[in-house]
Amino acid sequence: MAPQASGRAPAGGLDAVIDISHNVTVTDFGAVRRRSNILAVVHKATEGGDYVDPSYSVRRPEAEAAGLLWGAYHFGTRQYPGERQARSFLAAAQPGPKTVMALDFEPNDHNPRNTMTLVQAEVFVQTVYAATGRLPMIYTQPNWANGRRVARGLTLGQPIPPTSILARCDLWLADYRESPEVPVAWAGRGWHMWQYAGDETELDAAYGSVPRAVQGVSHCDRNLFAGNEAALLRYWNSRA
Numbered sequence: 001m002a003p004q005a006s007g008r009a010p011a012g013g014l015d016a017v018i019d020i021s022h023n024v025t026v027t028d029f030g031a032v033r034r035r036s037n038i039l040a041v042v043h044k045a046t047e048g049g050d051y052v053d054p055s056y057s058v059r060r061p062e063a064e065a066a067g068l069l070w071g072a073y074h075f076g077t078r079q080y081p082g083e084r085q086a087r088s089f090l091a092a093a094q095p096g097p098k099t100v101m102a103l104d105f106e107p108n109d110h111n112p113r114n115t116m117t118l119v120q121a122e123v124f125v126q127t128v129y130a131a132t133g134r135l136p137m138i139y140t141q142p143n144w145a146n147g148r149r150v151a152r153g154l155t156l157g158q159p160i161p162p163t164s165i166l167a168r169c170d171l172w173l174a175d176y177r178e179s180p181e182v183p184v185a186w187a188g189r190g191w192h193m194w195q196y197a198g199d200e201t202e203l204d205a206a207y208g209s210v211p212r213a214v215q216g217v218s219h220c221d222r223n224l225f226a227g228n229e230a231a232l233l234r235y236w237n238s239r240a
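Each residue of the sequence shown is one higher than the last, beginning at 1 in this note's numbering.
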């Protein structure tokens, strides 16, 4: 039986980060910050090697003017080499010294054959690191990262090895269960951010609609940061 929605946010971190894309309607970033106590927004910047989210560059100054910290993520695909995807991401995201970067490394539900490979993800991270001196976060799911078969029969083929450059990146874990599972590559380190509820999370998941409502946006993904407010601010400010 599926767990019933608790109507509360999970414990063990700071519930102050949302992630969005152009599919989300934003009415007031000021309300996001002031009325929902959100501190940071991570926005989709790019996908593959040729797609740029049309809302990214418009919303960034609006969010920062409202006092929100800013982050940028790239949705990885198989169609383009990892290096090209990284360069497309950097060109569009224009990461500043306090911009958290992330690679969304997960199965492509809309086009399974266009799912990014492990090698492509590693090359993406290597290219970003060479260009910026910083490692992006890795957004992933435990079943995918551990090499298990997921929806539509997709599998990474192997667990992400602890020796992979991906394992050096901070983990942004997507797991909508009450107790998240840390992939083996991050054993001993744990997650830095935990996406505990998505904008399409079913009400019978561990955390349903109540904790994910945020003033100023139509819908969003909710994320816990592993630490308190001071730690979150230090983390974002240490990107330089």
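Glycine residues also receive a C-beta, built at the ideal position from the N, C-alpha and C atoms.
For residue i, which residues from the same chain have a beta carbon less than 7 Å from its beta carbon, with the 5 sequence-adjacent residues on both sides left out?
i: Gln126; result: Ile165
i: Gly76; result: Gln85, Leu103, Asp104, Phe105, Met116, Gln120, Ala121, Phe124
i: Pro107; result: Thr115, Trp144, Val150, Ala151, Leu154
i: Trp236; result: Ala40, Leu69, Lys98, Val100
Which term fits residue i, buried or exposed, when burial requires 16 or more other beta carbons within 10 angstroms of its beta carbon?
i: Asn111; result: exposed
i: Ala45; result: buried
i: Gly133; result: exposed
i: Asp109; result: exposed
i: Ser238; result: exposed
i: Gln195; result: buried
i: Pro183; result: buried
i: Ala187; result: exposed
Check each candidate in the options and name the one with the smallest Cα separation from residue i.
i: Asn143; options: Gly153, Val119, Asp19; result: Gly153
i: Val242; options: Thr27, Val150, Ile160, Pro136; result: The chain is shown from 1 up to 240; residue 242 falls before or after that span and cannot be answered.
i: Gly13; options: Trp191, Tyr56, Trp236, Ala174; result: Trp191
i: Ala231; options: Ala131, Glu181, Arg78, Ala16; result: Ala16
i: Phe89; options: Thr99, Ala72, Gln79, Lys98; result: Ala72
i: Val52; options: Asn223, Ala66, Gly188, His22; result: His22
i: Trp70; options: Pro95, Ala130, Leu156; result: Pro95
i: Gly49; options: Leu156, Val128, Val217, Gly82; result: Gly82
Can you name, in chain order, every residue of its own chain whose Cβ lies under 8 Å from the Cβ of residue i, other than the five neighbours on each side?
i: Leu68; result: Phe29, Val32, Arg33, Ile38, Leu39, Ala40, Val41
i: Cys220; result: Ile18, Asp19, Ile20, Val24, Asp199, Arg212, Val214
i: Pro161; result: Ala167, Ala185
Run through DSSP, which three-state label would residue i get?
i: Trp186; result: helix
i: Ala40; result: strand
i: Leu135; result: coil
i: Val119; result: helix
For residue i, which residues from the same chain have a beta carbon less than 6 Å from its beta carbon, with the 5 sequence-adjacent residues on both sides left out?
i: Tyr139; result: Ala102, Asp104, Trp172
In this structure, what does DSSP give as the bridge partners for residue i?
i: Thr46; result: Val52, His74
i: Phe225; result: Leu14, Met193
i: Ile20; result: His43
i: Asp104; result: Phe75, Tyr139
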